[in-house]
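What follows is one structure encoded as structure tokens, with my remarks underneath.
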Amino acid sequence: MPSLRQIIAAHAPLLVIDAAATCVQVGWLTDGGLGTARWSTSDEDTGVGLFTSLTALGVEIDAANALVFCDGPGSVLGIRTCAMALRTWHVLKPRPMFSYCSLAVVAQALGRPDVGVIADGRRELWHHFTLGGSLRRVPVGELRGELVMPENFRHWSQPPPGLTSIPYALAELLPRVIDADLCRPTDAPDAFLHEEPSYVTWTPKIHRAPSAT
């Protein structure tokens, strides 16, 4: 997987979009050290906040040579709204696209393999990532050790005891992980799923009145 520095070197300028938290973060990256990166954040609904942030940055979509986005975990609606925009922009102007994991960014920035980074996975399950490990979905009763959760991530279940909130500001996080292999090439942006959904099949039957007895 390429690092952000490698992607910038090959494709700058990049448009970075992240709607994993309750706010939308949009970045415009033009150099390998992120020294001239510009960011805009919006607390509006993603469908509005994405374009509000683009307007605030004063950038044109067509000027981006590559698109980078967070595919989760986080707000599934926000992430899918961004993914839909990315797919549309890609049709209008094909260009490289890359995704990254929100929890992996936080874990890499922390640099502590003993700390688990978690986010609500619903139904008493939590997404869990540790540095050097892989993204898992864990029942709340099996969470162990020191745990942190990115700030402004929604949760529906009761957080485990001792959970610490940690800032999720990409302007601060990405320079710290610029050389980590966190990005994955993709041609079909969408929200991350641990497995594809399965559906129950049924056989349709014609409704008939009960037979007389």
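Here the sequence shown stands for residues 583 to 795, where the numbers follow our numbering. Glycine included, every Cβ here is placed at the ideal spot set by N, Cα and C.
### Task
Please state if the CB of P742 and the CB of L729 are separated by a distance shorter than 8 Å.
Contact: yes.
### Message
Would you call the region 599-606 in contact with the region 649-660, where contact means no fewer than 3 C-beta pairs closer than 8 Å?
### Response
Touching, yes, given that three or more Cβ pairs across the two stretches are closer than 8 Å.
### Query
Taking one C-beta from the region 621-640 and one from the region 668-684 each time, how about it: are there three or more such pairs within less than 8 Å?
No: the two stretches stay apart, fewer than three of their Cβ pairs being nearer than 8 Å.
### Message
I'd like the span of the alpha helix (DSSP H) that includes L636, first residue to last.
### Response
Counted as a single uninterrupted DSSP element, the alpha helix (DSSP H) harbouring L636 occupies residues T628 to L639.
#### Entry: Which of helix, strand or coil DSSP assigns to M679
If DSSP states are grouped into helix, strand and coil, M679 belongs with the strands.
### Message
Using only the alpha-carbon positions, how far apart do R736 and H710 sit?
### Response
Spanning the two alpha carbons is a distance of roughly 15 Å.
#### Entry: Backbone CA spacing between D696 and D702 [nearest angstrom]
Annotation: D696 to D702 spans about 20 Å, alpha carbon to alpha carbon.
### Strand pairing of T746, partner residues [DSSP]
Looking at the DSSP output, T746 bridges to V730.
### Query
Skipping 5 residues on each side, what residues in its chain have a beta carbon closer than 6 Å to that of L649?
Closer than 6 Å at Cβ, skipping near neighbours: L597, L668 and M679.
### Query
Mind checking A762: buried by the 16 CB within 10 Å criterion, or exposed?
If you draw a 10 Å sphere on the C-beta of A762, you find 16 or more other C-beta atoms in it, and that means buried.
### Cα-Cα separation, G693 to L713
Taking the straight line joining both Cα atoms gives about 7 Å.
### Message
Could you check whether L586 and L764 sit closer than 8 Å to each other, using their CB atoms as the reference points?
### Response
Against a cut-off of 8 Å, the Cβ pair of L586 and L764 comes out as a contact.
### Message
Quick check on A603: does DSSP put it in helix, strand or coil?
### Response
In the three-state scheme derived from DSSP, where H, G and I count as helix and E and B as strand, A603 is classed as coil.
### Message
If you reduce the DSSP assignment to three classes, tell me which class A770 lands in.
### Response
Reduced to three states, the DSSP call for A770 is coil.
### Query
Can the beta-carbon of E639 be found closer than 8 Å to that of I760?
Inspection of the sequence shows that residue 639 is occupied by Leu rather than by Glu. Contact annotation: L639 and I760 have beta-carbon atoms that are not nearer than 8 Å.
#### Entry: Buried or exposed (CB count within 10 angstroms, at least 16 for buried), V688
V688 is classed as buried because its beta carbon has at least 16 other beta carbons within 10 Å across all chains shown.
#### Entry: W738 in three-state terms, based on DSSP
Here W738 carries a coil assignment [DSSP, helix/strand/coil].
### Task
Name the residue from G715, Q740, W621 and D644 whose alpha carbon lies nearest to the alpha carbon of V606.
From the listed residues G715, Q740, W621 and D644, the smallest Cα separation to V606 is found for W621.
### Query
What residues are listed by DSSP as bridge partners for I661?
Its beta-bridge partners do not exist; DSSP assigns none.
### Message
Helix, strand or coil for T623? Go by DSSP, reduced to three states.
### Response
The answer is strand: DSSP assigns T623 an E or B state.
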